[in-house]
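In this note's numbering, the protein residues as written are 191 to 436. Glycine included, C-beta positions come from ideal geometry on N, C-alpha and C. Below: the structure, in structure tokens.
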């Protein structure tokens, strides 16, 4: 099916870049044309391993995956990407049974579209996911204040009582993750999955949550916390940590 030439471009402050994984050349051609005519850039991958390789090397505003891809299927790719990113992610499949749709959504997909795709609907669903992510990202870039600590995401800077605090990229990401969930209890596993992301140890099935504890200790020390009575990052015994606003 050839995309219609009167398709409207998607309005955005920047050009979206989409990673599309599918082993069907005809689908690759169709989806690429649909997205390009909507003003988006498209990077193609033909199997699951290629998707991961391309994903790790680039920056993408959205991901579209065929479920039935060779080497690593779309569901597993979705799970792996979700470990480290909340990028808009849509699954495409020829399987439309309810249980298949549920599996896709439980794997972390934002949407699940059954082939053959309806072009306007596909573009509309992807656009909704992209716009929602943009709004969330803007909210997360707002300056955060927790008592006398100020976090400025645009500058990746942290001030405590007006004094700049030097943090490593990992320590900053750890603090920002907690700050975006202020007063919520966050488990060590959640921190590991979302702050550390992909690692050789994790991909091999070896997870050492002690590195989370060690990073929290370093972060507390740099924030000037009293180890015996931390004011910002508090331990919730047996569960994880909580950044307290009051």
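Where residue i falls: helix, strand or coil (DSSP)
| i | result |
| --- | --- |
| residue 377 | strand |
| residue 222 | helix |
| residue 340 | strand |
| residue 423 | strand |
| residue 316 | helix |
| residue 357 | coil |
| residue 430 | strand |
| residue 291 | helix |
| residue 335 | strand |
| residue 228 | coil |
| residue 411 | helix |
| residue 349 | strand |
| residue 371 | coil |
| residue 406 | helix |
| residue 399 | coil |
| residue 435 | coil |
| residue 390 | With a pLDDT of 36 at residue 390, under the threshold of 50, the modelled position of this residue cannot be trusted; read the value that follows with caution. Three-state result, residue 390: helix. |
| residue 418 | coil |
| residue 385 | helix |
| residue 241 | helix |
| residue 260 | coil |
Cross-strand partners of residue i (DSSP beta bridge)
| i | result |
| --- | --- |
| residue 252 | 208 |
| residue 300 | Answer is none; residue 300 lacks a bridge partner. |
| residue 233 | 209 |
| residue 275 | According to DSSP, residue 275 bridges with nothing at all. |
| residue 283 | 304 |
Buried or exposed by the 16-neighbour rule on C-beta atoms within 10 Å, applied to residue i
| i | result |
| --- | --- |
| residue 196 | Legend: pLDDT at residue 196 = 45, less than 50; position of this residue unreliable, value from coordinates given subsequently. By the 10 Å Cβ count, residue 196 comes out exposed. |
| residue 318 | exposed |
| residue 297 | buried |
| residue 376 | buried |
| residue 331 | exposed |
| residue 416 | exposed |
| residue 352 | exposed |
| residue 430 | buried |
| residue 228 | buried |
| residue 390 | Only weak support exists for where residue 390 lies, its pLDDT of 36 falling under 50; the value from the coordinates is given anyway. Residue 390 comes out exposed. |
| residue 270 | buried |
| residue 428 | exposed |
| residue 426 | exposed |
| residue 394 | Interpretation of residue 394 is limited by its pLDDT of 44, a score under 50 that renders its predicted location unreliable; the figure taken from the coordinates is listed afterwards. By the 10 Å Cβ count, residue 394 comes out exposed. |
| residue 385 | buried |
| residue 264 | buried |
Reference residue i, options the options, closest by Cα
| i | options | result |
| --- | --- | --- |
| residue 438 | 332, 435 and 276 | This structure does not reach residue 438, given that the chain is present from 191 up to 436, and the question cannot be answered. |
| residue 252 | 386, 425 and 241 | 241 |
| residue 421 | 373, 385 and 218 | 373 |
| residue 368 | 335, 344, 354 and 328 | 335 |
| residue 278 | 302, 261, 266 and 290 | 302 |
| residue 261 | 407, 325, 211 and 333 | 211 |
| residue 250 | 209, 327 and 224 | 209 |
| residue 299 | 419, 307 and 273 | 273 |
| residue 333 | 323, 345 and 324 | 345 |
| residue 205 | 371, 320, 245 and 220 | 320 |
8 Å Cβ cutoff met for residue i and residue j
| i | j | result |
| --- | --- | --- |
| residue 412 | residue 399 | no |
| residue 402 | residue 381 | yes |
| residue 364 | residue 409 | yes |
| residue 257 | residue 286 | no |
| residue 255 | residue 281 | yes |
| residue 216 | residue 237 | no |
| residue 405 | residue 361 | yes |
| residue 222 | residue 207 | no |
| residue 283 | residue 310 | no |
| residue 350 | residue 414 | yes |
| residue 341 | residue 357 | no |
| residue 423 | residue 313 | no |
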